[in-house]
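Engineer:
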């Protein structure tokens with residue numbers, strides 16, 4: 006890194022030092038920040054600025070050192086930033102370099118790496134209480150966020166800061182975060198770009214206007230019988246989207262027959278939509294609020310809409326306390342919540358409905374919105390509890406800002422939201438779906454434009470509308486994200502309001518004044534146009550399979566790499582890809598090739614086989630890995646008792662724990678668990694394999710243990726031992742597993758799990774997961790809900806449409822709706838397989854008559870795989886261990902947690918499971 010001038014800067018009780026040399030360092034009793042040299046020729050820290058390069062900070066405090074900073078002016082990945090920033094790393098024997106087990110630097114203790122072998126052997130994945138966790142902060146963010154991607158998959162932006170901290174975290178990352186702030190280690194001493202001097206100016210983009218009449222015609226075309234929206238392939242009305250249509254028609258056309266028909270239909274649906282649990286129970290707050298707003302906009306009476314007093318019932322069911330009170334009320338996360346609001350938009354719309362109806366909202370309900378404001382002024386979409394990790398987004402911030410402005414008395418919060426929105430706006434005029442994203446979201450841009458106009462920033466609002474105008478499709482509608490070609494009502498509705506210059510606070514459907522002959526055809530309630538994609542909701546599975554089997558992704562047609570340099574295989578991800586191939590049947594020869602490679606002891610670039618990954622028969626027999634391999638054998642109708650040279654079923658029986666192990670042995674968390682299976686996902690795969698093999702008796706203890714982990718809500722936690730969280734992925738997997746057990750003993754538990762899964766669905770059809778609005782979680786939720794497909798048809802259809810929105814042109818899928826864009830192998834495997842709705846418990850594929858694909862000529866032996874293939878066409882994870890981006894492997898995210906070597910790595914956003922973010926290679930790892 007070269008020598009640097011010594012500088013002192015007090016940071017709380019710590020000193021930030023830039024040292025002439027490592028030998029000159031004298032560590033005080035307090036922790037020191039150190040800018041240190043590393044083995045690589047690191048860029049001097051002063052070369053990184055708020056607009057160039059990125060900073061990485063590693064806290065050696067637990068080992069008697071300080072916080073050492075490094076700089077990389079041209080970072081390609083978080084992993085490379087760490088290495089090029091002057092640090093050395095070591096991975097685990099089981100997972101390879103991709104899992105950061107030790108870190109060292111010449112600036113501390115002569116470069117010794119920590120933790121030392123005396124405390125951590127780095128054979129398996131370290132335990133959840135003692136590992137290097139990975140944190141990130143974008144420019145302007147004053148607090149740390151758990152990275153939704155592993156370091157080998159994340160691409161740091163200019164002005165970003167990464168941090169590595171040794172220790173443990175709890176669910177959601179609310180503990181264990183760095184003891185220093187991003188600004189204390191940021192480039193330039195924490196200076197970040199300020200807001201534009203003139204708040205009325207916006208990005209210099211070409212002017213443009215939305216064709217509102219054309220958008221209204223498209224919206225009308227989505228209405229069945231001119232009254233309501235029905236999801237493709239369904240019969241029941243989609244009440245949520247019908248309210249969106251009502252708002253759009255009111256903004257575009259005012260009061261008239263078209264709007265009257267929709268409003269009358271909504272009034273008739275009030276009981277079913279807003280009171281699903283009966284009129285004696287609390288209403289569904291977001292539904293009641295949406296209906297009340299529809300009534301108010303149409304100048305109907307929200308106190309007598311469909312025979313219900315929506316405003317009275319909303320005000321009557323405000324939570325008096327949260328779970329911390331000792332006797333939690335169902336549907337309440339904190340005092341002031343509208344019962345069942347769940348998300349910030351539901352809370353905000355309920356407050357707005359009361360305000361518009363002339364009813365003063367409870368002080369606690371308004372205050373609850375202010376508790377969702379993050380330090381950078383943004384508003385988080387989740388009803389977090391006070392003190393929990395906060396990460397906002399432009400869409401939620403725009404909506405809440407307009408509501409709080411209307412409520413009054415919240416000038417400081419509104420001003421902070423305004424500043425955040427100005428900083429978040431991209432040069433194109435668009436707004437990203439989440440902090441750190443670099444492409445625009447139609448819905449986020451529409452809500453931000455509405456808010457900025459209401460707050461007086463006409464220039465910025467105009468730039469946002471201009472961007473929206475360029476995203477409008479030929480038919481009048483809008484896609485969900487930048488460049489999308491399939492229109493969606495979820496995006497088109499708010500875009501219409503932005504184009505009409507109104508928002509939900511000011512929108513009123515007035516009767517139009519007499520005019521001359523119309524220049525455009527009137528909106529009608531005709532039949533929906535023929536969809537542009539093939540009949541049946543869901544992604545293009547053939548394109549998805551083509552992406553998964555692309556030579557640059559599937560190395561020599563045999564496995565996915567965990568390490569590009571060495572050719573190390575990610576066996577867990579490879580099995581995920583095989584599951585996707587089996588579920589679709591679109592390339593049975595490719596599936597045969599993978600199955601043969603694994604079964605016949607095929608070696609990766611490091612000479613490792615499937616047997617090395619499972620640990621079967623050895624000291625570290627991984628229950629989840631053995632289960633996953635055995636399930637694959639069963640799926641392709643091979644013998645799991647002789648697969649890869651091992652009797653995996655016998656291995657599982659021998660891996661059932663009789664009692665918890667004691668330190669330092671970390672093999673058994675509890676009686677009935679499997680050895681080194683630290684997650685519900687991993688455990689479920691073991692049970693599934695035993696039951697599919699007809700070994701119900703041998704699996705009695707693991708089945709009982711799995712059933713006993715279910716929460717009263719119906720959900721399952723992610724980790725074993727349980728940490729108290731609730732996770733979509735684990736719940737879907739546990740439900741599929743217990744549904745496989747013969748008899749009706751677990752039928753009620755499965756039903757309860759599916760009900761909980763359905764309740765977690767987001768407005769756009771997605772599901773919350775480790776990375777945010779997660780593709781992986783949506784795919785698994787589809788599989789789980791398909792256990793009762795008739796009952797949950799509406800939710801499944803919405804989830805499939807969400808997956809459609811996340812499929813890229815190359816056929817692959819994004820990790821999540823928010824954050825870094827680009828196709829990810831792990832997410833794509835789960836999205837493709839999950840979209841079929843086939844449970845892993847029943848999945849089979851007959852490979853009779855198939856032929857394995859030949860090994861490319863560059864290799865001389867069919868089972869010896871050599872490294873060297875390049876990364877694939879911009880795939881998020883193509884170049885990093887573990888496949889990167891982690892949410893998607895069929896269960897993999899969780900199989901590799903905490904204590905195990907199963908390379909099973911965990912993941913979660915809104916309900917983030919901290920331990921599952923430990924895999925640098927990609928927050929997914931192997932489940």
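Numbering (the working numbering), first residue to last: 6 to 932.
Every residue, glycine too, gets a C-beta built ideally from N, C-alpha and C.
If we count Cβ pairs, one from each stretch, closer than 8 Å, do we get three or more for the stretch 844-856 versus the stretch 632-641?
Structural biologist: yes
Engineer: Whole-angstrom Cβ separation of residue 606 and residue 614, contact assumed at under 8 Å?
Structural biologist: Approximately 5 Å separates the beta-carbon atoms of residue 606 and residue 614; this is inside 8 Å, confirming the contact.
Engineer: The alpha helix (DSSP H) spanning residue 548 covers which residue range?
Structural biologist: 546-553
Engineer: Taking 8 Å as the threshold (C-beta atoms), are residue 649 and residue 609 in contact?
Structural biologist: no
Engineer: In this structure, how does DSSP classify residue 142 when only helix, strand and coil are distinguished?
Structural biologist: strand
Engineer: Give me the residue from 659, 666, 348 and 644 with the minimum Cα distance to residue 697.
Structural biologist: 644
Engineer: With distances taken from CA atoms, which of 777, 831, 392 and 243 is nearest residue 553?
Structural biologist: 831
Engineer: DSSP has residue 732 in a bridge; who is on the other side?
Structural biologist: 721
Engineer: If we ignore side chains and look at the alpha-carbon of each, how far apart do residue 478 and residue 484 end up?
Structural biologist: 8 Å
Engineer: Using only alpha-carbon positions, find the residue among 744, 469 and 85 that is nearest to residue 102.
Structural biologist: 85
Engineer: Measure the Cβ-Cβ separation of residue 654 and residue 600 and say whether it is below 8 Å.
Structural biologist: Taking 8 Å as the Cβ cut-off, residue 654 and residue 600 do not qualify as a contacting pair.
Engineer: Does DSSP put residue 388 in a helix, in a strand, or in coil?
Structural biologist: The three-state reading of DSSP puts residue 388 in coil, since its state is none of H, G, I, E or B.
Engineer: If we call anything under 8 Å between Cβ atoms a contact, is residue 255 one with residue 58?
Structural biologist: no
Engineer: Exposed or buried, what is residue 623 when buried is set at 16 or more other beta-carbons lying within 10 Å of its beta-carbon?
Structural biologist: exposed
Engineer: Could you tell me if residue 764 is buried or exposed, where buried requires 16 or more neighbouring beta carbons within 10 angstroms of its beta carbon?
Structural biologist: exposed
Engineer: For residue 258, which three-state DSSP category applies?
Structural biologist: helix
Engineer: If you run the structure through DSSP and keep just helix, strand and coil, what is residue 798?
Structural biologist: helix
Engineer: Can you find the residues in the same chain that come closer than 7 Å, C-beta to C-beta, to residue 704, ignoring five residues on each side of it along the sequence?
Structural biologist: 692, 695 and 696
Engineer: If contacts are defined as beta-carbon pairs under 8 Å, then residue 786 and residue 762 qualify, I think. What distance do you get, rounded to the angstrom?
Structural biologist: About 5 Å; that satisfies the 8 Å criterion.
Engineer: Helix, strand or coil for residue 639 per DSSP?
Structural biologist: helix
Engineer: Grab the span of the alpha helix (DSSP H) containing residue 224 for me, first residue to last.
Structural biologist: Residue 224 -> alpha helix (DSSP H) spans 217-226.
Engineer: From residue 727 to residue 135, what does the alpha carbon distance come to, in whole angstroms?
Structural biologist: The C-alpha of residue 727 lies about 17 Å from the C-alpha of residue 135.
Engineer: DSSP has residue 95 in a bridge; who is on the other side?
Structural biologist: 107
Engineer: Out of curiosity, what's the CA-to-CA distance linking residue 752 and residue 63?
Structural biologist: The straight-line gap separating the alpha-carbon atoms of residue 752 and residue 63 is approximately 49 Å.
Engineer: Might you give, ordered along the chain, the residues of its own chain that have their beta carbon closer than 7 Å to the beta carbon of residue 436, omitting 5 neighbours on each side?
Structural biologist: Within the same chain, residue 436 has close Cβ partners 399, 429, 430, 445, 446, 449, 450, 453 and 469.
Engineer: Is the Cβ-Cβ distance between residue 789 and residue 759 less than 8 Å?
Structural biologist: yes
Engineer: Grab me the residues of residue 217's own chain with a C-beta within less than 7 Å of its C-beta, minus the 5 sequence neighbours each way, in chain order.
Structural biologist: 257, 501, 504 and 505
Engineer: On the premise that residue 471 lies in contact with residue 211, defined as a C-beta separation below 8 Å, what is that separation, rounded to the nearest angstrom?
Structural biologist: 6 Å
Engineer: Residue 282: which of 325, 562 and 335 sits nearest, CA to CA?
Structural biologist: Closest option to residue 282, Cα to Cα, is 335.
Engineer: Since residue 391 and residue 376 are thought to touch, with beta carbons under 8 Å apart, how far apart are those beta carbons, to the nearest angstrom?
Structural biologist: Confirmed, about 5 Å.
Engineer: Mind checking which residues open and close the beta strand (DSSP E) that includes residue 933?
Structural biologist: There is simply no residue 933 to check, as the chain begins at 6 and stops at 932 in what is shown.
Engineer: Is the beta carbon of residue 181 closer than 8 Å to that of residue 138?
Structural biologist: yes
Engineer: Measure the CB-CB distance between residue 808 and residue 840 and report whether it falls below 8 Å.
Structural biologist: Yes; because the gap between Cβ atoms is below 8 Å, this pair is in contact.
Engineer: Out of curiosity, what's the CA-to-CA distance linking residue 465 and residue 425?
Structural biologist: Whole-angstrom Cα-Cα distance: 12 Å.
Engineer: Below 8 Å on the Cβ atoms is my contact criterion, and I expect residue 412 with residue 371 to pass it. Report the Cβ-Cβ distance as a whole number of Å.
Structural biologist: 5 Å
Engineer: What does the alpha-carbon distance come out to for the pair residue 324 and residue 384?
Structural biologist: 21 Å
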